Each structure stands twice: as structure tokens, then as C-alpha cells.
Amino acid sequence: MLNKVLVDKFVSIVGSLNVLTDESDLLLYSYDATQLYKIPDLVVIVNNAEEVSKVIKFAKANNLNVYPRGSGTNLSGGSIPVDGGVVIELNRLNKILNIDVENRIAVVEPGVIAATLDAEVSKKGLFYPPDPGSIAVATIGGCVAEGAGGLRALKYGTTKDYIIGLEVVLPNGDILRTGSFSSLRGSPGFDLTHLFVGSEGTLGIITKIAVKLIYPAKSRKTFLVMYDSVGKAGIAVAKIIENKIIPSTMEFLDKITINAVEDFTKIGLPRDIEALLLIEVDGEPEDVETAAKILEEVCLSVGARSISIAKNDAERMRLMEARRAALPVLARLKPTTILEDATVPRSKVADMLERIHEIQDKYNLMIGSFGHAGDGNLHPTILVDRRNKEEMKKVDMAIKEIFDYCIELGGTLTGEHGIGIVKAPFMEKEFKKEGLSLFRDIKKTLDPENKLNPNKIVGAKEVHLEYI
Amino acid sequence: MMKERSERYLFDSERIENNLADKNLPFGDETPYSITYPESNKDVLEILNWANKEKLKVIPRGSMSSLSGGACALSSSLVINFSKMNKIIEIDTHDLVLTVEPGAKLKDIYFEVERSGLYFPIDSFSSYNGTAGGAAGENYQGMRFAKYGDTRLNTMQIELVNPVHGIVTLGGKTVKNVSGYDAKIAWIGSEGTLGIFTKLMYKLMPLPEKRTIITLPFDSIDVFFDFKKKFDSLKIFVSALDLMSSKVASYISEVSSKYLSFVLIEGRTLEVERLKKEILKFAESNKAQIFEGNDFDFMYKKRLNMGEKTLNDKLFADDVTLPIKTCSDFLKFLEGRRYDFLLHVQDGGVLVFRKEPPGKNDDIYEKVLEQNGSLISERQLGIQPKRELFLEKMGSVYIELMRSLKKAVDPNFILSPNRYIF
Amino acid sequence: MSTSSENSLSLIEEYYEEQIIRCMKCGMCQSICPVYYEDSLETGCARGKLALSEALLHGKLEPNHKIEMIFNKCLLCHACAQVCPVGLSPDKVFAAARAEMVKRYDMPWIKSLIYRKLLGEGKLSSLTGTLSLANRLKLFVLARSLSIPKIFGKSAIRLSFATLPDIPSKPFLDRFPELLEPNSKPIGTVGYFVGCAQNSVFQDVSEASVNILLALGYRVIIPKDQGCCGFPHYGAGDFETLKQKIIQNSSAFKKYKLDAIIISCATGGSGLKDVYPEMTKEDNLKTLGANVYDISEFLALKHLDDLKKMMPTDKKEKIKITYHDACHLNRLQGISSQPRQLLRIMPSYELVEMENSTKCCGEGGGFTFYYQNISSSIANRKKETIKNTGAKVVALGCPGCRAQISGALKQEGLDIDTKHTVCLLWDEIKKGKDSNF
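Quick note, the sequences are listed as chains A, B and C, same order.
The first sequence begins at 1 in our numbering and counts up one residue at a time.
The second sequence begins at 1001 in our numbering and counts up one residue at a time.
The third sequence begins at 2001 in our numbering and counts up one residue at a time.
Spelled out as C-alpha cells, the structure:
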């Protein structure tokens, strides 16, 4: 709880309707999609970059932590106010300022929902590829801060590949412009734009984003391929790449996930297959034709049990349904769903999956794995009941083993969810003392007093949070 | 310590002079304190630690091909020459990544990578003789930028050395990676001012099935942009689409028109065939030339070599970027000044050919900034006069921040001094 | 029927703890919630209110009036339930939470007046009489122009009262007999559930419904001792009165042997089909003696061809009409093709779909009074999509929507009528009778 004098000052910056002090409001800004929470002292809703700057400056002068927030849908704890302070809610900065079709650049405010940006640029015949699972609710500012990925990363890359300029409010309140808002090339020197992309709100608060757009693919073909073993699926993935095909989507479902999907959607998936691949190739019509033929041959040559090809859009939706239903159906199996994000080089996906199965058995936990086989970003989804403290302890141990093996395989802690709080304890394992030291120094340079979203990524102290 | 390593350090001025770059470059070397040839990342670390203690400035150098002057030696500096760290460490055909030492020549990389059936589409106009480390330090943005991106977006991992943190590895073979700060991208283009690369991992892609070059003559800028409008209706990126004035074009072809357009199309055979047809149809010319098969290889190499040739003829290729929709007017403006140019049509990067590097008050830069363009397009600022303009444009918040970052990794300001904004 | 225990939060606990604990906080509810869309505040979306429910349940917070108002910040439109990956029905949790608040704080006098007295009593005569008199005295027109009483504020509802049709001084249940025989041998016997709005203010709907059923050959029974279905009470947290209503209506209808019970109110229909089983743990067949159908559902399912034959034959220029999907018809009952089938057989009209026809109108029962600005904002969006169709009439199947939308249209002075699907159908049938004689 902040004292009235401080609260009044914030009110004078943003107006009384935009300052939330009530217990019930504070609770609602304490969590994100990790389901962990910590109650902040205050919530301030801002409407423009100047207000962000004033709020940050005032908070800093009064030794208050500041936590930027968009929709609060991130999966690593990045939005959680872990150490008391002020949550700055940015989702009212929600205008698409400009879509310049000839220059292929869109300028947007951070509170624009990613799906809205997607829809608006599509209307103008352009394409913004990053499509994280939360695209319908995540803000673009959040996507940029977390470096959001999606299903199309193998061919099209992720959020970082599409950001050409930013306006950022630094932890000292100064407003900085990085990169360019009008030209696709340029950006001399140290690439500050990409330092802030993926910085998870710890180096600055993003108040404007310049996005590069490309042309949409003209044609696509969608396949559903079933394998009797994860190993075979892994070989199929490797052979597809060897044959010079870069699919726009290569998604994977494991047996537990497949069975859960079949339970709910009853679309006719066999219950004894070990791996299901949803593959889509897109591009110019000739490219798709040729690639599709080769893909079919390759998948069959590896010994697919069956392969379905969508003949039209409706069929495509049906095939995609199996993949889209993965998280919802798994989430219904048990009261608590913990979605993880273990990323390995593509050549190691089969190994990672095998290890996950071993870990499942070792700790007797229900883990359904699905994810982006094409780019190595898997989502082992742990299904438990958080009221069962014993089980939750096992979950922690299982997660640690997953990360350990992931790094051993040359992978990384997170492919798209961010480090936040939940993976900060594992950072040293991946980056060693030198890397961590560099990150800490970067943070210290931008935020010497550690007031902006503290204890995330390179947390100074260990944080233990409860489930809400 | 220096004496112990005498075979790796050159001290007598004659030996130093013999090992410096060709004095024909627009930015010449001053004679440095010494040149050293590390063979591993540990060598580099040792050198840096020592130089830091002695407060001796260091300048990393690949093949000195960049026209930014970024690798130019200063008299009181130690040149770290990577010509002995030039191995291609690995070409991973499963995970599609290339791991190289910074001194590896791009030419060699192209050859080895294509031999494995893969493709590394990063280049820079003047740097066919460049190195992998140069590509990173200068963030090469070549003719294929619109379709394939620049070095930043094709970098998977960097191994970086600085006097404070030692050897740091950032990134890896995973396609997606958001762990920690995305420093691996941020450092690309920093010209050695915030750290020296000792190993680089770049992204590779499958070598396209078919590759074709088409050259199209044009006699007016307006006619070309009419052609561009039709091309835009295809809504596709070709690997390269350039427009050059005839003087520039003469380096790759006999030219009888005022301008020549260079089109590089790569992809599946049928797709390339169709695009070829469309483009020829749009160009409405009977003087188009098509280069395929062996002819392709020949023309392709010629195109990549252009930079060196123009330099030999004392033509300085200044690089700027304009927003796409202002390009037509900009070209006409250049014509008015009688400057030769090469425009990367799909993204607005322009090379303006001058007799020498323009001063910071040159009206080209005034025009570029007026149109909200950028002061570079292929490489970095280095020691070019326009870097002062950049400093002025960026303002104090940026400069303060960059100085703080520099202090954090290079407190004695020994890394690549007097270039970029430092 | 279960009774609530002494524990203050027993209602939430009793019904919904499993739901609350399963919320993964993914935020998907934000993508579709009409309230969240307006102010982007976490109190608006389901995830936030579920977090609040959990906090109350486990003692992290003490209930208070502010929290009471947050639970009122929901339209009960059920959209969140449709996108929730875990399959929760958050709107039901919030209705239970409201009931908790009522148990703790009881209701302010005006709410008590509306829900317990006016909507609670049997035939709603006093309500009807008052409204009728007020309407004839043009009191509402006066109120609108003077911006009083303050309770209505800027909401569309306030204006809707100025757009009301003539209200007969007696409720429908007083004007029509309990048993109505058709002209020929009855093809079946159906019960008609009038519903409070159709009994007092919108009697055109009940008249049209009953007349159509008779014209099709049904014997129609309108039990006189029926009352409000109780959904308004469910939405207001007055579970006590709701339970009384269930008992009242059960006894009113069960004494007859009916082939079906027909209702022409979207909210009422979902109240009977959805809330009653939730409260009683038994189906409509057991509670009311017959299965419940919305009138459009019933007519389209069983009598589309018969109705086609009753349509007028003289060719006139078609009037453009559009259709608004009431949340309680579309989402709660799955009824969206049936009213359209009825509209398509009407020769006088040409159906044009509006964008986002399934988006809530923003009325939401008490919501429009608690959150006037948000309610109006939502209504205005609906108004825009209606305007863009170029239609002269908007058809719908819910009195709440009808009041809200007609008010919003009136606010902009648009010359677009708002009518219930069955009224339009009955008008066509009457025209058909004229042209056939």
C-alpha cells in the first residue's frame, strides 16, 4: 500500500480513474499466465509515452519498482510485480498509427493486440508472420518484449526478425528512438533495437514499434502424417530439410496429446500412434506443388502409417484443428496446466522427446508434449493438481531435469516464452559466469538502481511465488 | 610478454608496412604500434587483457575490404589481424548452420557452403573479399537483403571477447531463442567497438534449385519505375533487383542504355521460369539478357566483384537508404548531380558513386535525412565523415546510453577507437 | 433442491470451486469479452473475476461493495465460455458470486422493489399498469428530454423507454384466457410461457406467438399462475426469489399434459433450459412437465412448410431486414439458423447479414444500469453494424436486446424498426390471410 501523497502524485499524472489502489484491483494485476502472483502496491494506467516517462521518473525518484504490463498473458512471470511497486498498464496505447503499404512498414503502439495487427495488415495485402499461441490476446508490445515466436518460425522467423525500430522509455525516464521508422535498411552501429526486443521489460518500456511487413504466400498445402515411433518422425523431419524443403509449419503431437485430442474432438485419430506431424508448405504455386510432391514421398519413405492431404480450406481447418486443440484438450485432463518451453536444435528433437518420456515415467507425472518440431521448440505440458503439494514438488524436479538435458543437447532454456522469473534460476547453467556477468552489466548500465521489472532474467535474488 | 610472443607480433616498421593494407583505399592506415595474428580465442583474450592493462588501443581486422574504414589502423593502436583464424569449423547440414572463425573469407564460405548444397546469401557491395568477422562487425546488408535479410537476422551465435567479461558465447543452433538478452544480434554492426568476435555461427538455407540472372536495359527512370509497379503486382521478393546507371553497369556488362537493371531470381525451376517470363513481359524489351548455367556463374561472380572493380577505378561507393516510395525522386536528384548509382529496388538501399567519401555537409545526406532515410545501407559508419552527422541526429540520450554500455564492456575505451560514435 | 449452508461463500464453493481452480489464466477470455473490449481492464474479463472468486473462496480477500460491483461487471453473454480452452462457464460462477453478495449485503431498496415486488409477484399487474400509464402520459419522453431520473443516465435503455409500443393497461395474462382452442381439430397441445417482458411491455410478441400457434392448429394453454421465469433474479443474485419462481412455474405447468412449452423470450428460454436444471439438478421434462422450445426453434423445426403456405403471395418490393443474434438464443441455446429460416420465407423481406451479428448488444440485465457508459458503447457498436447493412428493420428474439437496440437507434435518430421475429411472421401471415380471401 502506498501512502496518499505518492498516490496523489500519480493521479496528477494520469487522472484518478487511471490509478487503481483497491485491494481487489491490485489482486487482478498481480498475476500472468504462469498462474503465479504477487500483489503490487499500485496500478497506473497510462495513455501515451509522455505519461510513461513521467510515471517512471516519479517512481524512480521515490525508490519504487515499476513493472510494465500488456495483456498479462506471458508464460514466464514477466508481468508479475515480484518485489512490490507500481504496475504500469500499457494496453490503452492501442492504436495502429500507420500502415505504409508501399514502404511495407507499419507503426503501432504497444497495446495493439497482435491478432489485430495481423488482420489489419492482411486487409492491405501484406503479411506479419509471427503467430504465437496467444496471438488473439497478447499485445504487440508484449510480443516484442518477450520475442514471441509461433508456428511459422522455421520459415519466417520470429518477432525479432520483423522489428526495425522502437521508441523506448528508459529506466531513467528518457525517451529513446532506436533503428528506423521509415526505411528498411540502415540502423547503424550497435543494434539497440534488438537489445530491447526480448528484454522482457527489464531494460526499457516500449511505447512505439516499427514493424517490417512482407508479402503473404499465394498457395499452401497441408499434411497430417502419422508415425509409429517418435524416432521415425524425427527422421522424417530431418529428411524433409535434407530435400531442401522448408515448411512454413511443422508441428508435432505425442501420444498422450493425440489421445486427449481424440477424446474430445473425435476426428478419427488412431490411439496407438506415437507421433503426429502437421506440416504445411507455402509459397508460390509452383514451389508448393513441387515441395508437396517431394514431401509426400519423403514422409512415406520413412514409413508413415498414413498421410492426409487437405484438398481445400475446409479440410485444412479440420487438420489444423488437431493441432489447435492440443493445449485446450490437455488442459481439461487435470485441474492445473503448466506449459513449458524446452528448445533444442532440430536434429535433437527426437532425443529430447525420449528423455521427456523417461522423466514422465520417473516422476509418475502426466506430460503431454506437442510443439514446433520444425524449429525444435517443444512444449512439454505438465498436468497436475496444484493443490497436491507432493506432486508439485515432483513437477519442480521434472522441470529441472528437462532443462538440464535441453542445455546438454545444445538447446536453450526458452524458445518463445521468455526467461522471466520461472527460468531465471537456470540461466547460469546455460550462459556460464561470463554470459551472466555480461547480462548483469547490460542491465546495470540501463537500470543502475534495478527498478524496472526487477528480479527477471538476471534476478538479483531468488523469488518464491505462490499460485493464485 | 610481448617479447615472448614475438613471432606473433610485428615490431619493425618495414615489416609492419608490408603487412598493412593497400594504400589505394579511400581511408588509409596510419602505421600502427604493431600487428598481431592470434590463432585462437584464448590468444585474443590474452591480447585484450594485456592491451587493456597497458591502455593500448586495439583494432580488429579481417581483410580490410569495407569502405567504411572501420579497420583502419591508428598510429597508437595494435592491429589484431584475424588472417590466421580463418577456418570454416563446421557446416551442419541437419541444423542448417555454419560455424566459422572470423578470418574465414566469404569467397571460401560461399564455395564450401554451395558444395554442400546449401546457401549463405550475405554479401556487401565492396566486400567480396571480406571475412565472416567483417560481415558481423559491419553487418553486411547486401543485394539480397529484401529476401534474405542482413547479417543480424542470419546470425545464430556469436563468441565475443571483451576485457571485462572475457569470452562470452551467446546464442546457439536453435532456430528460436529468447533466453537472456538478444545480444547476439545487438553486437552485429558494432564494428568491434563493444567486443571482438572470435567465432561466428550463421544460418544457412537450401541452395535454390534454379538460379537465373536477367539484365534489362532502361533509358528512363520513369519507365523503370513503371516496370517496378508491374513487378510489385507479383507480390514476391526476388533475390535481387537492382537498377544501376550505365557507368556502374559497365562493370558487369556492355551497356548501350542509360540504365541497366540486374535481376537475380532463385527458387524452384518452374517458379523461376514463370517469374522470368513475367519479368520479361513487363520489361517489354528485346535487349534483355538471360544468364543461366555456366553463364550464370560467370555473371554472378562479376556482380559480386563489382565493388572491388569500382574501387580500383577510384570510385567510392557511398551507401545510404531511402524509404521505397521516395527512391524515384532520389535517383532523379542524383542524376541532377551527375552521380552514378546502384539502387536495391526492393528495399531502398542506394550506392552513390563519388570520387571520394562525401563530407558531412554533403547535400546527399541532407536529402536522405529530409526523406527520413538512413545514412548507411551496406556497411557501418566506420570513420566516414557522415558519422558526425549521425551523432548529431541521434541526440544526447542515445549517445549517453551508448557510452555507458561501452564503459561497461570496455572501460578504458581501447576497442576500435575513433569510429562509429566513439 | 439443495439449500445453502451457513458458510458465507458456500454458493460459490458448492457449485464452482472446480471451475475456479481450473482457470489457467491464459487470458483467452479477453479476446472475445465485449466488456473487456471497451476498457481493457482486468476487472472486465472472466479471468480477473475468476481470480477474485478464488480469492474470496480461500479467504485472501473479504467481500465488499467494490467486489460486488466487479461481479456485476458482466453481461452474462457466455462468450468467454465459448473460447475458454479449459471449457469453463465463468458467467455461471459470477451469477453465483452475485448471489453470495446478495446473501451478505441484501439488495438496495430499488432492486428489491424491482426484483421482489414487481417481477416477483404473480401476474405482474402492478408493473404493467404502472408502465402503461406512464407510457400513455408520455412520462418517458419527458424523462429523456430532461435527463431524469439520474438512474438511467446516458444509457440506451433510457431512450428505449421512449420508443416503447403502446402498452395495454392490463397484462397479457389478464387479457387472454388460459385455454385457447384452434379452429380445427388440434394437432397437439402446447403450453405458452409468457415471460415478464412479453406479459407487460411487449405484448405484441406474446399475441403474435399465440396467434401463430393457433393458426397452425395447436391448442394453446397459458397457465394463469405462471410468473417471471426467474432469470432476472438469477442475474441479480436473488437466488431465493429464483427458487420461488421455479416452484411457482413448475406447479403452473405441470398440471397440464403438454407436448411442448413454447417461449418467445431468449433470456427466458435460456433461463428455463439452462438455469432451471442447474438449480434443480433435473431436466425440464421433470421440472415443468414438457420440453421447452424457443418459438423460432419450434416453428422452424416443425412447421416451416406450413408457414410457407401461409405467406402472402402478392409481389411487393422487398424491405431489407437484418438479424441480431441474442446471446441467450445463440450461445446459450444454440439457436441461430432457425430465426433466419423464418425470415427467409417472409416475402416482404430480404435478409442482409450484419457484421458481428452474434456480438452482445450490451444490455445484460442490470449491467446497463451499473455500467451505463460501457453498455452504451457496446450498443453503439451494434448500432453501427446495423446501420451498415442498409436495413430498415432489425429482427431479434429478446426483449432486452429489443429495448437496448431500439434505444441506441433512436439516439442517432435512425429510421430503423426493431421487431421480434414472430411479430414480423404474424404480420406476414395476416397479410397472407388478406391476400388469400
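C-beta: ideal position from N, C-alpha, C; glycine also.
It should be emphasised that the depicted structure is a prediction, and the values quoted were computed from it without experimental measurement.
Asked                                                                                                                                                                                           : Found
Helix, strand or coil for residue 1313 (chain B), going by three-state DSSP, please let me know.                                                                                                : coil
Suppose you measure from the CA of residue 2299 (chain C) to the CA of residue 2246 (chain C); what does that come to, to the nearest Å?                                                        : 26 angstroms
Looking only at DSSP bridge pairs, what is residue 1367 (chain B) linked to?                                                                                                                    : Note: residue 1367 (chain B) sits in no beta bridge, so no partner.
Of all the residues that make up the region 1247-1279 of chain B, which are near chain A by a beta-carbon distance shorter than 9 angstroms?                                                    : 1267, 1268, 1269, 1270, 1271, 1272, 1273, 1274 and 1275
Assign residue 2285 (chain C) to buried or exposed, taking buried as 16 or more other Cβ atoms, counted over all protein chains shown, within 10 Å of its Cβ.                                   : exposed
Which residue wins for smallest C-alpha separation from residue 172 (chain A), given the options A:225, A:101, A:449 and A:105?                                                                 : A:449
So residue 1374 (chain B) contacts chain A; which residues on that side make the cut at Cβ distance below 8 angstroms?                                                                          : 180, 183, 185, 186, 187 and 188
Using CA atoms only, rank isn't needed, just tell me which of A:251, A:358 and A:60 is closest to residue 367 (chain A).                                                                        : A:358
Classify residue 1411 (chain B) as buried or exposed, calling it buried when 16 or more other Cβ atoms lie within 10 Å of its own Cβ.                                                           : exposed
Which residue's Cα is closest to the Cα of residue 1196 (chain B): B:1107, B:1253, B:1396 and B:1040?                                                                                           : B:1040
If residue 2183 (chain C) and residue 2366 (chain C) are in contact, beta carbons under 8 angstroms, what's the gap, nearest whole angstrom?                                                    : Not confirmed; about 43 angstroms, so no contact.
Are the CB atoms of residue 413 (chain A) and residue 423 (chain A) within a distance shorter than 9 angstroms?                                                                                 : yes
When the cut-off is 9 angstroms and only beta carbons count, does residue 2043 (chain C) lie next to chain A?                                                                                   : yes
Quick one: does residue 1139 (chain B) have its CB under 9 angstroms from some CB of chain A?                                                                                                   : yes
Kindly give me the distance between the Cβ atoms of residue 2321 (chain C) and residue 2395 (chain C), rounded to whole angstroms, as I take these residues to be in contact under 8 angstroms. : 6 angstroms
Specify the secondary structure class of residue 2433 (chain C) as computed by DSSP and reduced to three states.                                                                                : helix
Comparing alpha-carbon positions, which option in B:1203, B:1151 and B:1160 lies nearest residue 1189 (chain B)?                                                                                : B:1151
By DSSP, does residue 2149 (chain C) sit in helix, in strand, or in coil?                                                                                                                       : The pLDDT assigned to residue 2149 (chain C) is 47, lower than 50, so where the model puts this residue is not dependable, and the model offers no usable value.
Do residue 2237 (chain C) and residue 2099 (chain C) have their C-beta atoms closer together than 9 angstroms?                                                                                  : yes
When you compare the CB of residue 2424 (chain C) with every CB in chain A, is at least one pair closer than 9 angstroms?                                                                       : no
Alpha carbon to alpha carbon, how far is residue 2338 (chain C) from residue 196 (chain A)? Give it in angstroms, no decimals.                                                                  : 53 angstroms
Could you work out which residues of chain E lie near residue 2086 (chain C), taking near to mean beta carbons separated by less than 8 angstroms?                                              : The chain labelled as chain E is not found among the protein chains of the depicted structure, namely A, B and C.
Hey, how far is the Cα of residue 1382 (chain B) from the Cα of residue 1166 (chain B)?                                                                                                         : 25 angstroms
Taking the straight line between their C-alpha atoms, what separation do you get for residue 1020 (chain B) and residue 1310 (chain B)?                                                         : 21 angstroms
Applying the criterion that 16 or more other CB atoms from any shown protein chain within 10 Å of the CB defines a buried residue, is residue 2426 (chain C) buried or exposed?                 : buried
Please state the DSSP three-state secondary structure of residue 2351 (chain C).                                                                                                                : strand
When the Cα of residue 85 (chain A) is compared with those of A:454, A:306 and A:468, which residue comes out closest?                                                                          : A:454
Per DSSP, which residues does residue 68 (chain A) bridge with? Please list them.                                                                                                               : A:88
If you drop the 5 nearest sequence neighbours on each side, which residues of the same chain put their C-beta closer than 6 angstroms to that of residue 1121 (chain B)?                        : 1144 and 1148
Whole angstroms are fine: how far does the CA of residue 2360 (chain C) sit from the CA of residue 2373 (chain C)?                                                                              : 15 angstroms
Please report whether the beta-carbon of residue 261 (chain A) lies at a distance below 9 angstroms from any beta-carbon of chain C.                                                            : no
Hey, is residue 249 (chain A)'s beta-carbon within less than 9 angstroms of any beta-carbon in chain B?                                                                                         : no
Could you run through the region 71-83 of chain A and flag, in chain order, every residue whose CB is less than 7 angstroms away from some CB of chain C?                                       : 71, 72 and 73
Using CA coordinates, which residue listed in B:1392, B:1394, B:1057 and B:1422 is at the minimum distance from residue 1403 (chain B)?                                                         : B:1422
For the alpha helix (DSSP H) containing residue 372 (chain A), name the first residue and the last one.                                                                                         : Here residue 372 (chain A) belongs to no alpha helix (DSSP H); instead the beta strand (DSSP E) covers 366-372.
If you measure beta-carbon to beta-carbon, which residues of the region 1157-1176 of chain B are closer than 9 angstroms to chain A?                                                            : 1160, 1162, 1164, 1165, 1166, 1167, 1168, 1169, 1170, 1171, 1172, 1173, 1174, 1175 and 1176
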